[in-house]
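Chemist:
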Amino acid sequence: MAKAKPSDFDWPNLDFSYHDLPYRYRVTYENGEWGEGGLTEDSNLVMSEATPSLHYGQQIFEGMKAYRRKDGGINLFRPDENAKRMNRSAERLLMPSFPVERFISAVKEVVLANKDFVPPYGSGATLYIRPLMFATDSVVGVQPGQKYIFNIYVTPVGPYFKGGLVPTAFVTSLYDRAAHGGTGQSKVGGNYAASLYPGQKAHSDGYSDVVYLDPTEHEYIEELGSANFFGITKMGQLLTPKSPSILPSITKFSVLTLAEEMGLNPAQVQISINDIDEFSEAGALGTAAAISPVGSITHNGEKHVFYSETEPGPITLKLYNRLTGIQFGDVEGPEGWVYDLGK
């Protein structure tokens, strides 16, 4: 695959796909310690055919973005939280942790090396950042590996849901994304592999994605595809699901903080699919999705429409403008949320 050039991109019309940019960061773990590591132009990864990452799913990753400011500078949004979450995932899968400060430094290095690919301010596009870690050595029995690669690649992307801030339709599924006590709170590939079939079926039926319900009773909302759910009650309170198998979204916890500032009295609670008529607005939260309004949810053949199927609700829009304003450097956010990489 030929390396991408900035001139290859129509920034306002980007889709959400991979492009082979000039540089990525890579470092190996052997004999109980991480090597020196650094930038490389090689986008191919080498591993044993017997690696537990292929056979037993010993693989984790993260998702984050770099944002072009109006003055031409570049922002990162809470990379320290991504580093901490990745280490929690590593602990769950018996993988080595990667130092938080080193994680942040590596992210900065690879973004700045590819800074010409951070989409321009106002284009609606961002530079997606994908840190990943996986075992590379040879293991036959079910056991953790001893050698690992930590790699970060970046790629410019448009909105995850086509159309940007336009409400989309979701449908409940009988399939589960993750089990209580499993790896639902970790960012591991297996959770997403489990979502491919129900997601594809939802797409073929005309929906954006699936509403996953709890794996025990199939009553309580867990996630929307690969994003967290939130709803605004008719009394103006922001609620988001509480469950042991939901990925702790950095976007969600950021929105909970912003919602508190806005007087929305946010709370994490169990949300029954049978009670969605209590919400006047709903949306999806995540790094890829940011804040995306949900127009409707169909459950057992019955369609519930929230604020509108064509326009975002006023509170959803206010939250979106506040969050993205912080990310793109248009407004001040809580201290420590934004990392300025300069121009």
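Just so we're aligned: 244 in the UniProt record's numbering is position 244 of the sequence shown, and the numbers increase by one with no gaps anywhere.
Note that the Cβ used here is the ideal one computed from N, Cα and C, for glycine as well.
Quantities reported herein were computed from a predicted structural model and do not represent experimental measurements.
(1) Note the first and the last residue of the continuous beta strand (DSSP E) segment covering Met95.
(2) For Arg130, name the three-state secondary structure that DSSP assigns.
(3) Would you mind sorting residue 366 into buried or exposed? The rule is 16 or more other CB atoms within 10 Å of its CB.
(4) From Gly206, Asp214, Tyr160, pick the residue whose C-alpha is nearest to that of His180; which is it?
(5) Pair every Cβ in the stretch 280 to 300 with every Cβ in the stretch 240 to 252, then say whether three or more of these pairs are closer than 8 angstroms.
(6) Considering Asn321, what are the terminal residues of the alpha helix (DSSP H) in which it resides?
(7) Between Tyr320 and Ile291, which are expected to be in contact by the criterion C-beta below 8 angstroms, what is the C-beta distance as a whole number of angstroms?
(8) Which value, in whole angstroms, describes the spacing of the CA atoms of Asn75 and Gly325?
(9) Compare the C-alpha of Asn274 against each of Ser123, Leu165, Val157, Glu219 and name the closest.
(10) Please classify Leu174 as buried or exposed, where buried requires at least 16 neighbouring CB atoms within 10 angstroms.
(11) Where Val255 and Pro334 are concerned, what is the direct C-alpha to C-alpha distance, given to the nearest angstrom?
(12) Excluding the five sequence neighbours on either side, which residues of its own chain have a C-beta within less than 6 angstroms of the C-beta of Ser53, listed in chain order?
(13) For Gln268, I'd like the list of residues in its chain whose CB is within less than 6 angstroms of its CB, leaving aside the five on either flank, ordered along the chain.
(14) What is the DSSP secondary structure of Leu256, reduced to helix, strand or coil?
(15) Give the DSSP-derived three-state secondary structure of Ala193 in the structure shown.
(16) Taking Cβ to Cβ, would you say Arg78 is nearer than 8 angstroms to Ser186?
(17) Nearest-angstrom Cα distance between Ser249 and Glu223?
Modeler: With the given structure in hand:
(1) Looking up residue 95 in the sequence shown gives position 95. Here Met95 belongs to no beta strand (DSSP E), and DSSP marks it neither H nor E.
(2) Locating residue 130 in the sequence shown gives position 130, where the first residue counts as 1. The answer is strand: DSSP assigns Arg130 an E or B state.
(3) The structure shown does not extend to residue 366, since the chain spans only 1 to 343, so no value can be given for it.
(4) Here residue 180 refers to the residue found at position 180 of the sequence shown. Nearest of Gly206, Asp214, Tyr160 to His180, Cα basis: Asp214.
(5) yes
(6) Translated into positions along the sequence shown, residue 321 becomes position 321. 314 to 327 is the extent of the alpha helix (DSSP H) around Asn321.
(7) On the sequence shown, residue 320 is found 320 positions in, with the first residue counted as 1. On the sequence shown, residue 291 is found 291 positions in, with the first residue counted as 1. At roughly 4 angstroms, the Cβ-Cβ gap stays under 8 angstroms, so Tyr320 and Ile291 are in contact.
(8) On the sequence shown, residue 75 is found 75 positions in, with the first residue counted as 1. On the sequence shown, residue 325 is found 325 positions in, with the first residue counted as 1. Approximately 11 angstroms between the Cα atoms of the pair.
(9) For the purposes of this step, residue 274 is taken as residue 274 along the sequence shown, with counting starting at 1. Cα-wise, what sits closest to Asn274 is Glu219.
(10) By 1-based counting over the sequence shown, the position of residue 174 is 174. That one is exposed.
(11) The residue labelled residue 255 in the question sits at position 255 within the sequence shown. The residue labelled residue 334 in the question sits at position 334 within the sequence shown. Their Cα atoms are separated by approximately 11 angstroms.
(12) In the sequence shown, the residue the question calls residue 53 occupies position 53. So the list reads Gln59, Phe134, Ala135, once near-sequence residues are dropped.
(13) Walking along the sequence shown from the start, residue 268 turns up at place 268. Cβ within range, chain order: Thr240, Lys242.
(14) Taking the first residue of the sequence shown as position 1, residue 256 is located at position 256. Reduced to three states, the DSSP call for Leu256 is helix.
(15) Position 193 of the sequence shown, counting from 1, holds the residue named residue 193. Three-state result, Ala193: helix.
(16) Your numbering for residue 78 matches position 78 in the sequence shown. Your numbering for residue 186 matches position 186 in the sequence shown. Not closer than 8 angstroms, so no.
(17) Along the sequence shown, one-based indexing puts residue 249 at 249. Along the sequence shown, one-based indexing puts residue 223 at 223. If I take the Cα positions, the gap works out to 11 angstroms.
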